[in-house]
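In case it helps, the numbering used here puts the sequence shown at residues 67 to 412.
From the three backbone atoms N, C-alpha and C, an ideal C-beta is built for every residue, glycine too.
This structure is a prediction, so every number in the text was calculated from the model and none was measured.
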Amino acid sequence: MVVLSQSALEHFPVIKTYKSSSCLFPGIPVIDIKHPEAKSHIIKACEEYGFFKLINHDVPSEFIDTLEDEAVNFFNLPQSDKDQAGPADPFGYGNKRIGLNGDVGWIEFLLLNTNPQITSRKTLAVFQHSPPNFRNAVEKYIAEVKKMAYEVLELMADGLKIEPRTVLSKLIRDEKSDSCFRLNHYPPCPELQTLTGTNLIGFGEHTDPQIISVLRSNNTAGFQICLRDDTWVSVPPDHSSFFLIVGDALQVMTNGRFQSVKHRVLADDSMKSRISMIFFGGPPLNEKIVPLPSLVSKEEDCLYKEFTWSEYKYSAYKSKLADYRLGQFEKNVGLTKTKFPHFSKN
Ligand code: GA4
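So this is what it looks like as C-alpha cells:
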C-alpha cells in the first residue's frame, strides 16, 4: 500500500487542491452535550451545516485509545493477512476500492456490520483474522458511542419538539437496527508534494445514507465538509471529540429541515497516517423512512415518497459515491434544493 509510483498515481482521482485558500474552518459548530441549551444548539447546527463537533461527552478515552491502537495493529499486519479479511463486499477489508461500483480512494479500511443478530459471515471472518483483542476493542467502543448517539438523537427530538423523545433514538437502539462501523486508514502520501497544486482523494465526496454518523479520528487533517454555498472547508482535527454527520434518512425524516452534509477526505501529503472510526446509525431494514408527521403541516408539503430503509440502502449500494441518492425518492425531483432558504446558495 505504501509504495506509490507515478503510474499508480495515474489511477487515482486527483483533484486540484486549494490548500492555501481552502480554509481551515474555525466556524464549525461545537456543541457541549451537557450545556442546558444543547438541544437548540444541535438543531441550529443541523439546519445550517448538517454537521457539528461534540465535546464534553462521556465516552471513556481508554476505549477510544485502545481501539485506535488495535486499528493501527490491524493495518500494520502483512498485506496477505489483511487480504484474508477481504475483499469488502461491502463488509470486510477493503483496499483502495470503495463500494461495488468502481469508486477508488487512497485508503484501506474495515467495514463491519454491528447488529449481533445479523453479523455477516464477513464480519466474523474479520474478527477471526485480526489480533486477539481486536473484537473486544471494537465492541466496547461501539457500545459507548451508541449510548452517546442515543443521547444526541433524544436531544434532537427535544429540540424539534417531537414526542416521544425516543422517536429517533429507538431506531438505532432497536435490536434489528441496520448500523455499521468503519475503520479507515489513510496512509501518508508524501509524493504528492511533487505534484504541485494537486491532491489525492482519500474518500471521495458523498453523503451518508443512514440517520446519523459518529466520526472520530486521530489528529491528522484531511476531512472536509461542503457548506451550503458549495464551498469545501477543512475541519480541524480533534482526536478527543466526535463529529456528528446528518445522514440522508434524517434529511427525509425532518422533511428536509436538516440536510445530509456532503463530506470527503483528502490524503495527507505529510508523513502522517490518518486513522478514523465511524459508527453509522441506521434503522431496521423494514422501517419506513417518512417525514415525522409533526414536521409536515399538510400532506402536499411532504417532500419525499414513502420508502423503507431496505429500499433506500439497496438503491444506495447500486450508486456511485458522489451520486445524489435521494433524488429518485423526492416527490418533485429537484425542488428540494430551493424549497428551504438554508438550501439556497445565498
Ligand atoms: C457511505 C457511508 C458509509 O461509509 C457506507 C459507504 C458504502 C461502502 O463503502 O460500501 C457506500 C457509500 C457509503 C454510499 C454509496 C455506496 C455505498 C459506497 C458506495 C459507493 C458504508 C454506506 O453505508 O454508504
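Return yes when the C-beta of residue i is under 6 angstroms from any heavy atom of the ligand GA4, and no when it is not.
i: Arg201; result: no
i: Tyr383; result: yes
i: Asp314; result: no
i: Ile108; result: no
i: His16; result: Any property of residue 16 remains undetermined from this structure, which presents the chain solely from 67 to 412.
i: Phe282; result: Residue identity differs from the one stated: residue 282 is Arg in this sequence, not Phe. No.
i: Asp131; result: no
i: Ile99; result: no
i: Asp244; result: no
i: Gly268; result: no
i: Leu387; result: yes
i: Ile164; result: yes
i: Asp149; result: no
i: Pro350; result: no
i: Pro275; result: yes
i: Pro153; result: no
i: Arg248; result: yes
i: Asp135; result: no
i: Asp295; result: no
i: Asp169; result: yes
What separation, rounded to the nearest whole angstrom, lies between the Cα atoms of residue i and residue j?
i: Tyr115; j: Cys292; result: 9 angstroms
i: Arg294; j: Gln325; result: 9 angstroms
i: Leu166; j: Glu103; result: 42 angstroms
i: Ala413; j: Asp334; result: Absent from the model: residue 413. The displayed extent of the chain is 67 to 412, so no value can be given.
i: Val362; j: Leu221; result: 20 angstroms
i: Ser87; j: Asp296; result: At Ser87, the pLDDT of 42 sits below 50, so the modelled position is not reliable and the matter cannot be decided from this model.
i: Gly270; j: Asn285; result: 20 angstroms
i: Tyr216; j: Asp240; result: 11 angstroms
i: Leu237; j: Leu392; result: 20 angstroms
i: Leu387; j: Ala203; result: 29 angstroms
i: Leu219; j: Ala315; result: 13 angstroms
i: Gly93; j: Ala111; result: 11 angstroms
i: Ile344; j: Gly160; result: 15 angstroms
i: Ile173; j: Pro253; result: 7 angstroms
i: Pro303; j: Lys364; result: 42 angstroms
i: Asp169; j: Ala287; result: 22 angstroms
i: Leu133; j: Leu351; result: 28 angstroms
i: Leu266; j: Phe117; result: 24 angstroms
Taking C-beta to C-beta, are residue i and residue j nearer than 7 angstroms?
i: Phe141; j: Lys188; result: no
i: Gly268; j: Leu332; result: yes
i: Leu178; j: Phe247; result: yes
i: Gln276; j: Gly322; result: no
i: Leu281; j: Leu176; result: no
i: Ser245; j: Thr180; result: yes
i: Ser283; j: Ser342; result: yes
i: Ser307; j: Lys119; result: yes
i: Ile278; j: Val318; result: no
i: Val299; j: Phe91; result: yes
i: Val125; j: Met214; result: yes
i: Arg330; j: Gln290; result: yes
i: Glu136; j: Phe78; result: no
i: Ser106; j: Ile228; result: no
i: Gly225; j: Ile99; result: no
i: Gln150; j: His101; result: no
i: Glu353; j: Trp375; result: yes
i: Phe31; j: Lys206; result: The chain is shown only over 67 to 412; residue 31 falls outside these bounds and no answer can be derived.
Taking the DSSP output, what are the residues bridged to residue i?
i: Thr374; result: Lys354
i: Glu396; result: Tyr370
i: Ser283; result: Ser342
i: Gln290; result: Ser300 and Arg330
i: Asn159; result: Before going further, note that residue 159 is Tyr rather than Asn in the sequence given. The partner list for Tyr159 (beta bridge, DSSP) reads Leu176.
i: Ser245; result: According to DSSP, which records beta bridges pairwise, Ser245 is partnered with nothing at all.
I want to see whether chain D comes within less than 7 angstroms of residue i, judged by CB atoms only; does it?
i: Asn265; result: Chain labels in this structure do not include chain D; a single protein chain is all it has.
Is residue i near the ligand MN, with its Cβ less than 6 angstroms from a heavy atom?
i: Pro156; result: Within the structure as shown, the ligand MN is missing, the only ligands being the ligand GA4.
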